[in-house]
Structure formats: C-alpha cells, structure tokens
Amino acid sequence: MKARVIVCSDSAAAGSTEDTTGPVLVTGLRDLGCDVDEPLVVPDDVAAITEAIGAGVADVIVCTGGTGLGPRDVTPDAVLALIDRELPGFGEAFRARGRAQTPLADLSRAVAGTREGCLLVALPGSHGAIADGLAVLGPLLEHAHHVIAGADHRRLIRSTPITTAEIEAEVHRPDAGAVVVFEGRVRDHDHGRSVASLTYEAHPDADAVLREVVAEALDQPGVIAAASLHRVGDLAIGDLAFTAAVSAAHRGEAFAACAWLVDAVKERLPVWKLQRFTDGTQEWVNCA
24 MKARVIVCSD
34 SAAAGSTEDT
44 TGPVLVTGLR
54 DLGCDVDEPL
64 VVPDDVAAIT
74 EAIGAGVADV
84 IVCTGGTGLG
94 PRDVTPDAVL
104 ALIDRELPGF
114 GEAFRARGRA
124 QTPLADLSRA
134 VAGTREGCLL
144 VALPGSHGAI
154 ADGLAVLGPL
164 LEHAHHVIAG
174 ADHRRLIRST
184 PITTAEIEAE
194 VHRPDAGAVV
204 VFEGRVRDHD
214 HGRSVASLTY
224 EAHPDADAVL
234 REVVAEALDQ
244 PGVIAAASLH
254 RVGDLAIGDL
264 AFTAAVSAAH
274 RGEAFAACAW
284 LVDAVKERLP
294 VWKLQRFTDG
304 TQEWVNCA
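Numbering (the numbering used here) for the sequence shown: 24 to 311.
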C-alpha cells in the first residue's frame with residue numbers, strides 16, 4: 024500500500040516549531056507494511072489541507088493535527104468535505120482507547136472515510152494520539168484496503184484476509200446458547216519438517232462447494248446457524264487460512280456440528296496447498 028502523511032500545523036508550516044509527529048507516523052505506517060514518503064507539512068487551513076490531500080495518489084492518507092475544538096482546528100472539516108463515505112467506527116474506537124487515559128479524549132474529532140479508492144484518516148497531533156491511531160488502524164488497514172479496492176467479500180473462498188469476527192457475527196442468534204468457532208492457521212511444521220510459507224489454490228467451483236457444505240451443516244441436530252471462510256493465495260506462518268462457526272441451543276450440538284463442518288470441508292473442498300520448507304524443498308498437499 025502506498026501511504027502519505029500530512030501534518031496540519033500553522034507553527035510547523037511557518038517554521039517556528041519543529042514537527043515531531045509526522046516522522047513517527049511515517050515510521051508506524053512503514054511498520055504496517057506501507058510505502059511512505061516523508062511527511063508533508065501544511066498550515067491549519069481547509070484549502071491548504073484539501074490541496075495536499077489531492078496532490079498525489081495513495082491508498083492511505085493520514086492527516087495529523089488540527090482535530091480539536093480550537094478556531095484553527097479544521098482538519099476534520101477538510102476531510103469530511105472530501106470523503107465519499109465516513110467510517111464512524113474508526114473515530115469511535117480511537118476515542119475509546121484515549122478514554123482510558125483521559126476523559127478529554129471525547130473532545131477529539133478524529134475521523135476516517137473513503138475517497139476515490141483511498142482511505143483518508145485524520146488524527147490529533149500528539150505522540151500518544153499517533154500511537155492510539157496506529158493501534159486502531161493496524162488491524163483494519165489491509166482488510167480495508169482490499170475492500171475499498173473492490174475485492175469481492177461476498178465470496179467464501181478469497182485471497183484477502185479472513186477473520187473469525189466475520190463468521191461469528193453471522194451465526195449469533197438470540198436463541199443460541201452456544202457458539203463454537205474453529206480456526207485453521209498456518210503452522211511452522213508438517214510431519215517433522217519446518218515450514219517457511221505456503222500457497223493455497225482453489226478450483227473454480229470451490230466457493231460453491233463450501234456454500235453447499237455450510238448449507239448441509241444447518242441440517243445437523245440442533246444447529247441454528249453456520250458459516251465458514253477459506254483463504255487462498257500466499258500465506259505466512261500464523262495466518263488464518265480457514266475458519267468455521269456454528270451456533271446451537273446447547274454446547275454439545277454446537278461442538279458436534281462444528282466438528283462435522285470442519286471435517287466435511289477437509290474432505291470435499293477442492294483446495295490444494297503448496298508447502299515451502301526451510302530446507303528449500305516444497306510439496307503439494309491435496310487438503311483444505
């Protein structure tokens with residue numbers, strides 16, 4: 024992902040103070056895997072901020088500074104005027120983190136939204152706010168990037184990251200007394216050999232097959248809802264490759280149905296795994 028950092032500060036733009044938050048934000052975004060140039064410093068002015076945001080192409084633009092209640096705090100106003108859709112959950116999560124440190128966190132007007140395929144974020148201009156903002160943004164960044172870019176997240180088999188939260192949300196019901204979730208992650212060994220990485224490839228019909236298995240899971244005793252996702256493409260050690268969730272009135276039925284679902288996917292899903300070992304060798308494995 025290509026990212027840009029814009030520091031919004033009258034004093035830093037005038038050269039009367041040295042900005043220290045921009046470099047910290049650049050380093051943090053690089054740690055998250057972004058390609059980031061040095062920060063651009065602009066005054067607290069809507070026109071200047073708007074021009075800076077539109078000055079180049081990026082997947083992520085993070086503005087820092089000018090998000091409070093002062094008369095020159097106009098960064099959120101510039102951002103909100105540009106975005107196509109606001110992401111209110113980001114601001115809520117950011118303020119929730121800050122609330123643990125100070126009740127004044129609720130005075131922050133940190134915002135985020137999408138603009139022409141770009142994720143646009145406005146954060147306060149302090150080191151603590153930068154740390155909180157990166158902590159909130161980090162787990163969301165890659166997934167948001169893929170969604171904004173148009174990835175089809177209605178598919179059950181996909182190359183973008185998957186999460187258990189997605190399928191847990193699908194199976195929660197008020198009449199469910201138990202929810203069982205399974206995670207299949209990439210491990211660093213297989214039959215005594217050290218694994219470095221792997222790649223999953225799927226048959227074109229794999230998505231339809233997984234949907235059939237999930238539908239059949241609903242016929243298991245006591246099942247109220249079921250869901251599953253499988254990832255394909257290049258995965259690293261520890262990445263989530265497969266997840267399944269089942270809800271039922273009682274725990275025994277939920278455990279049994281989730282085990283059935285996992286076993287059925289392993290048996291029937293046309294997905295192949297290329298394992299690369301630390302000794303330089305590799306092998307294909309016909310399993311989910």
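Cβ atoms here follow ideal geometry from the backbone N, Cα and C, with glycine treated the same way.
These numbers come from a predicted model, not from an experiment.
Residue i to residue j span [Cα, whole Å]
i, j, result
"glutamate 191", "alanine 267", "9 Å"
"glycine 93", "proline 197", "45 Å"
"glycine 89", "glycine 245", "54 Å"
"valine 308", "leucine 297", "6 Å"
"leucine 146", "cysteine 86", "6 Å"
"alanine 36", "valine 65", "5 Å"
"valine 69", "valine 97", "6 Å"
"alanine 71", "leucine 105", "13 Å"
"alanine 311", "serine 270", "Note that alanine 311 scores a pLDDT of 43, beneath 50, so its modelled location is shaky and nothing firm can be said."
"valine 49", "alanine 199", "45 Å"
"leucine 160", "proline 227", "33 Å"
"lysine 289", "glycine 121", "44 Å"
"alanine 264", "glutamate 206", "8 Å"
"arginine 95", "aspartate 67", "6 Å"
"glutamate 139", "glutamate 74", "15 Å"
"glutamate 165", "lysine 25", "12 Å"
"alanine 238", "arginine 208", "23 Å"
"leucine 110", "arginine 132", "13 Å"
"aspartate 213", "histidine 195", "34 Å"
"tryptophan 283", "glutamate 189", "20 Å"
"alanine 248", "alanine 287", "16 Å"
"valine 285", "serine 217", "25 Å"
"threonine 125", "aspartate 262", "35 Å"
"glutamate 312", "alanine 123", "This structure cannot speak to residue 312, because the chain is shown only from 24 to 311."
"alanine 272", "arginine 234", "23 Å"
"glycine 215", "glutamate 306", "14 Å"
"glycine 38", "leucine 103", "27 Å"
"glutamate 193", "threonine 187", "10 Å"
"glycine 303", "glycine 77", "46 Å"
Beta-bridge partners of residue i, as assigned by DSSP
i, result
"glycine 79", "Beta-bridge pairing links glycine 79 to no other residue."
"lysine 326", "Absent from the structure is residue 326, since the part of the chain shown begins at 24 and ends at 311."
"glutamine 305", "Arg299"
"leucine 221", "Leu258 and Gln298"
"cysteine 86", "Ile29 and Ala145"
"arginine 181", "Arg254"
"glycine 51", "Paired residues: none, contrary to the question."
"threonine 266", "Glu206 and Leu252"
"leucine 163", "Paired residue(s): none; leucine 163 is not in a bridge."
"alanine 201", "Ala271"
Anticipated Cβ contact below 8 Å, residue i with residue j, distance rounded
i, j, result
"isoleucine 153", "threonine 44", "6 Å"
"alanine 279", "glutamine 243", "7 Å"
"threonine 15", "isoleucine 84", "There is no way to answer for residue 15, as the model of the chain reaches only from 24 to 311."
"leucine 142", "aspartate 230", "Leucine 142 to aspartate 230, Cβ: 27 Å. No contact."
"arginine 291", "valine 203", "The pair is not a contact, with the Cβ atoms about 20 Å apart (cut-off 8 Å)."
"aspartate 155", "phenylalanine 113", "The pair is not a contact, with the Cβ atoms about 11 Å apart (cut-off 8 Å)."
Nonlocal neighbours in the same chain, by C-beta distance under 8 Å from residue i, ignoring five residues either side
i, result
"leucine 130", "Gly91 and Leu92"
"threonine 40", "Ser32 and Ser34"
"arginine 53", "Val59"
"histidine 150", "Thr43, Thr44 and Val47"
"isoleucine 210", "Note that residue 210 corresponds to arginine in the displayed sequence, not to isoleucine. Val218 and Ile260."
"proline 162", "none"
"valine 236", "Ser251, Leu284, Ala287, Val288, Arg291 and Leu292"
Buried versus exposed call for residue i [16 or more other C-beta atoms within 10 Å across all chains shown]
i, result
"glutamate 276", "buried"
"glycine 148", "buried"
"glycine 51", "buried"
"leucine 241", "exposed"
"histidine 253", "buried"
"alanine 251", "Checking the displayed sequence, the identity of residue 251 turns out to be serine instead of alanine. Under this definition serine 251 is a buried residue."
"alanine 119", "exposed"
"proline 99", "buried"
"alanine 128", "buried"
"alanine 101", "buried"
"alanine 158", "exposed"
Cβ-based neighbour list, residue i, same chain, cut-off 7 Å, excluding 5 preceding and 5 following
i, result
"alanine 225", "Ile180, Val255, Pro293 and Val294"
"glycine 79", "Arg27"
"arginine 178", "Asp230"
"isoleucine 185", "Leu252, Arg254, Leu263 and Thr266"
"alanine 167", "Leu142"
"glutamate 61", "Val49"
Same chain, Cβ closer than 6 Å to residue i, five either side skipped, listed in chain order
i, result
"leucine 219", "The question names leucine, but residue 219 in the sequence shown is alanine. Only Arg299 and Thr301 meet the Cβ criterion."
"valine 144", "Val85 and Ala135"
"arginine 274", "Ala201"
"arginine 108", "Gly136 and Thr137"
"threonine 222", "Asp257 and Leu297"
"leucine 63", "Ile29 and Ala75"
"cysteine 57", "Met24 and Ala26"
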